[in-house]
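Colleague:
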Amino acid sequence: MQRSVTAHVAQVPRSRPPNPPKPWYSNGLRFECTQCGNCCRNHGEYTFVYLSERDIEAISTHLDLPREEFLERHCRKESGWVTLRMDAPACPFLLEDQRCAIYPARPKQCATWPFWEENLKRQTWEGSVQKCCPGIDKGTLFGAAEIERIARETEEWYAEDEEKGC
Numbered sequence: 089m090q091r092s093v094t095a096h097v098a099q100v101p102r103s104r105p106p107n108p109p110k111p112w113y114s115n116g117l118r119f120e121c122t123q124c125g126n127c128c129r130n131h132g133e134y135t136f137v138y139l140s141e142r143d144i145e146a147i148s149t150h151l152d153l154p155r156e157e158f159l160e161r162h163c164r165k166e167s168g169w170v171t172l173r174m175d176a177p178a179c180p181f182l183l184e185d186q187r188c189a190i191y192p193a194r195p196k197q198c199a200t201w202p203f204w205e206e207n208l209k210r211q212t213w214e215g216s217v218q219k220c221c222p223g224i225d226k227g228t229l230f231g232a233a234e235i236e237r238i239a240r241e242t243e244e245w246y247a248e249d250e251e252k253g254c
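Numbering-wise (the working numbering), the sequence shown opens with residue 89 and increments by one.
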């Protein structure tokens, strides 16, 4: 009696891929914006505010400026990306009272701080992020799934422009 290959394969125990290790923040992370403006200042590695095409459109509309005028007055090209011009130690849209002049149209990068993929490395979070931001470990507990969703959506937001060659 001949056996079929599929019958044989069905009897072979399948090995399951190992479960990925839980992230160090699997119990969540606390964060609350204290409106200190620290994340709006130049911090060496946190020097650039990258703008997607959607960010550019939203900000220029909010400022009631033609796109090209906004780009000329407030932006520069940096390694193929459009970034806010950071000629001073602080973002040009940071007001004296530490509020954001373009808050309703702020860039995705600003809106998703501190939950960026590169910030979710434990050493980075407990080092430069915590040093920069007094809101770390305070306020709302964000679950790991929510943190990863925010980080993923931020990466996808900018990847769309990269894929389009913007």
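All C-beta atoms, glycine included, are put in the ideal place defined by N, C-alpha and C.
Can you tell which of ALA232, GLN211 and PHE158 has its C-alpha closest to the C-alpha of PRO109?
Modeller: For the purposes of this step, residue 109 is identified with residue 21 of the sequence shown, where counting begins at 1. The shortest C-alpha separation from PRO109 is found at ALA232.
Colleague: Under a three-way DSSP split, which group does PHE181 fall into?
Modeller: Walking along the sequence shown from the start, residue 181 turns up at place 93. Coil at PHE181, not helix or strand.
Colleague: Using only CA atoms, which one of PRO111, GLU234, PHE230 and CYS127 lies nearest to MET174?
Modeller: What you label residue 174 is simply residue 86 of the sequence shown in a count that begins at 1. With distances taken between Cα atoms, MET174 lies closest to CYS127.
Colleague: For the stretch 196-208 against the stretch 235-245, are there 3 or more C-beta pairs whose distance is under 8 Å?
Modeller: Yes, they touch.
Colleague: The alpha helix (DSSP H) that contains GLU157, what's its start and end?
Modeller: For the purposes of this step, residue 157 is taken as the residue at position 69 of the sequence shown. Unbroken alpha helix (DSSP H) run through GLU157: 155-162.
Colleague: Out of curiosity, what's the CA-to-CA distance linking GLU236 and TRP213?
Modeller: For this step, residue 236 is matched to residue 148 along the sequence shown. For this step, residue 213 is matched to residue 125 along the sequence shown. Straight-line Cα distance between these residues: approximately 14 Å.
Colleague: Cα separation between SER216 and ARG161?
Modeller: Position 128 of the sequence shown, counted from the start, is the residue given in the question as residue 216. Position 73 of the sequence shown, counted from the start, is the residue given in the question as residue 161. The alpha-carbon atoms of SER216 and ARG161 are separated by roughly 30 Å.
Colleague: Please classify PRO195 as buried or exposed, where buried requires at least 16 other C-beta atoms within 10 Å of its C-beta.
Modeller: Position 107 of the sequence shown, counting from 1, holds the residue named residue 195. Classification of PRO195: buried, given that the 10 Å Cβ count is 16 or more.
Colleague: Could you please give me the residues that DSSP links to ILE224 through a beta bridge?
Modeller: Here residue 224 corresponds to residue number 136 of the sequence shown, with the count starting at 1. DSSP, once it has assigned bridges, lists PHE119 as partnering ILE224.
Colleague: For LEU139, which of THR122, GLU184, PHE158 and ASP225 has the nearest alpha-carbon?
Modeller: Walking along the sequence shown from the start, residue 139 turns up at place 51. The candidate whose alpha carbon is nearest that of LEU139 is PHE158.
Colleague: Taking DSSP as the reference, what is the three-state secondary structure of CYS128?
Modeller: Numbered from its first residue, the sequence shown carries residue 128 at position 40. DSSP places CYS128 in helix when its eight states are reduced to three.
Colleague: If we count the other Cβ atoms within 10 Å of its Cβ and call it buried at 16 or more, is SER167 buried or exposed?
Modeller: Residue 167 sits at position 79 when you count from the first residue of the sequence shown. Label assigned to SER167: exposed.
Colleague: Given a threshold of 16 other Cβ atoms within 10 Å of its Cβ, counted over all protein chains shown, does SER114 qualify as buried or as exposed?
Modeller: Here residue 114 refers to the residue found at position 26 of the sequence shown. So SER114 ends up on the exposed side.
Colleague: Less than 8 Å between the C-beta atoms of PRO177 and ARG129, yes or no?
Modeller: The residue given as residue 177 occupies position 89 in the sequence shown. The residue given as residue 129 occupies position 41 in the sequence shown. The answer is yes: Cβ separation under 8 Å.
Colleague: Could you check whether CYS121 and GLN186 sit closer than 8 Å to each other, using their CB atoms as the reference points?
Modeller: The residue you call residue 186 lines up with position 98 of the sequence shown. The residue you call residue 121 lines up with position 33 of the sequence shown. No, Cβ-Cβ distance for GLN186 and CYS121 is not below 8 Å.
Colleague: Compute the Euclidean distance between the alpha carbons of PRO106 and CYS163, then round it to the nearest angstrom.
Modeller: Locating residue 106 in the sequence shown gives position 18, counting from the first residue. Locating residue 163 in the sequence shown gives position 75, counting from the first residue. Distance between the alpha carbons of PRO106 and CYS163 is about 46 Å.
Colleague: Can you tell which of ASP152, VAL170, ASP249 and LEU151 has its C-alpha closest to the C-alpha of VAL137?
Modeller: Looking up residue 137 in the sequence shown gives position 49. The option with the nearest alpha carbon to VAL137 is VAL170.
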